[in-house]
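First comes the structure, then the notes that go with it.
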Amino acid sequence: MLLELKNIKKSFPVTGGFLARPRSFVRAVDGVDLALAPGENLGLVGESGCGKTTLGRIILKLIAPDSGTIAFNGYDTTTVSNRDFRQYRKQMQMVFQDPYSSLDPRFTVYRILGEAMTLEWKKYPTPAKRRERAARLLAAVGLYPEMMERFPHEFSGGERQRIAIARALVLSPKLLILDEAVSSLDVLIQKQILDLLDGLQKEFQVTYFFISHNLRVVARISRRIAVMYQGRIVESAPTRELLSNPLHPYTKELLAAAVDYKASAREKAIVLAPHARLVDKGNGHWVLVD
């Protein structure tokens, strides 16, 4: 497995009062188990606030989990120091939702891409080598090499997201985490970026972990989908299987919203029992049951 998560948990304090002391804790991620094979492309879908982004940041050690283990290429990365984690960090990159805030407005495109090469100075020791690499990456994402002297504000939202993707590919990572990477773009630009990602996967041999609240977008790029609700994985299956045969009530709600463009009314609240566990229903289809 390229990536394997076991029993990942993360809580955040809810503070209040004069001294801002913790009054309670919110379980953002509550015992998540996930596995991702090379080239598999996993989509993680769920409503805002369900813990998707937190999980993505935990994988990259931008946030430390309270418990659980993360194995990347068979190595447990949860116990290594930040210094030793650098060799794994180069192989895992992230593309964020807002391409403007994730790009330094003071830097040219060339400097943005050059900053990403600092972990590989031996490969790109001279300005000529760095410019050659930057030009190739810009061409790969559908931009022109002469654009590297421009600043982020001189590009459209779709072009900025292409720059963010190019930056993430500088070190030729094995895993690319895309956190709502197309949600801020209009529908036509979304399609262009998703088509671009298809082509880049073949060229760079990268695996995608695609995080989104939009089931339609996730289904477009993912071979398997995991559904997250209240910090837990409630269902996981190959894309076609999950879309044609959703088993968990929350998955059915998401699918109805994606097809009908409106939320369905719940007859009763969806409550996840503390002792509920994922059960294999066959064909790689797992669902959380009491």
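With the first letter of the sequence shown counted as 1, position 194 gets the number 194 in my numbering; the numbers rise by one all the way through. All residues carry an ideal CB built from backbone N, CA and C; glycine is no exception.
{"Asked": "Cβ-based burial, Y261 [other Cβ within 10 Å; buried from 16]", "Found": "Note on Y261: pLDDT 47, under 50, position unreliable in the model; the coordinate value appears next. Exposed, since its Cβ has fewer than 16 Cβ neighbours within 10 Å."}
{"Asked": "Which of helix, strand or coil DSSP assigns to T53", "Found": "helix"}
{"Asked": "Test item: CB-CB of I51 and V80 under 8 Å", "Found": "Note that residue 51 is Gly in the sequence shown, not Ile. No. Outside cutoff."}
{"Asked": "Complete alpha helix (DSSP H) runs within the segment 36–121 (minimum length 4 residues, chain order)", "Found": "52–59, 86–89, 109–115"}
{"Asked": "Separation of L62 from G199, as counted between CA atoms", "Found": "28 Å"}
{"Asked": "Paired residues, beta bridge with T251 - DSSP", "Found": "Paired residues: none, contrary to the question."}
{"Asked": "Alpha helix (DSSP H) runs wholly inside the segment 143–205, at least 4 long, in chain order", "Found": "157–168, 187–204"}
{"Asked": "K6 (DSSP reduced to helix, strand or coil)", "Found": "strand"}
{"Asked": "Span separating the alpha-carbon of W121 from that of K90", "Found": "13 Å"}
{"Asked": "Buried or exposed (CB count within 10 angstroms, at least 16 for buried), R64", "Found": "In the sequence under discussion, the amino acid at residue 64 is Ala, which differs from the Arg named in the question. So A64 ends up on the exposed side."}
{"Asked": "Anticipated Cβ contact below 8 Å, L36 with T207, distance rounded", "Found": "7 Å"}
{"Asked": "I303, DSSP secondary structure in three states", "Found": "As displayed, the chain neither begins before 1 nor continues past 290, which places residue 303 out of reach and without an answer."}
{"Asked": "Integer Cβ distance of K6 from T69, believed to fall under 8 Å", "Found": "5 Å"}
{"Asked": "C-alpha distance - E149 paired with P125, whole-angstrom precision", "Found": "20 Å"}
{"Asked": "V141: first and last residue of the uninterrupted alpha helix (DSSP H) it sits in", "Found": "No alpha helix (DSSP H) contains V141, which DSSP labels as neither H nor E."}
{"Asked": "Where the alpha helix (DSSP H) through T239 begins and ends", "Found": "239–244"}
{"Asked": "Residues bridged to R277 (per DSSP)", "Found": "V289"}
{"Asked": "Cross-strand partners of D33 (DSSP beta bridge)", "Found": "Bridge partners of D33: none, in fact."}
{"Asked": "Continuous alpha helix (DSSP H) stretch holding R220: start and end", "Found": "215–221"}
{"Asked": "Exposed unless 16 or more other CB atoms sit within 10 angstroms - verdict on R296", "Found": "The structure shown has nothing for residue 296, since the chain only spans 1 to 290."}
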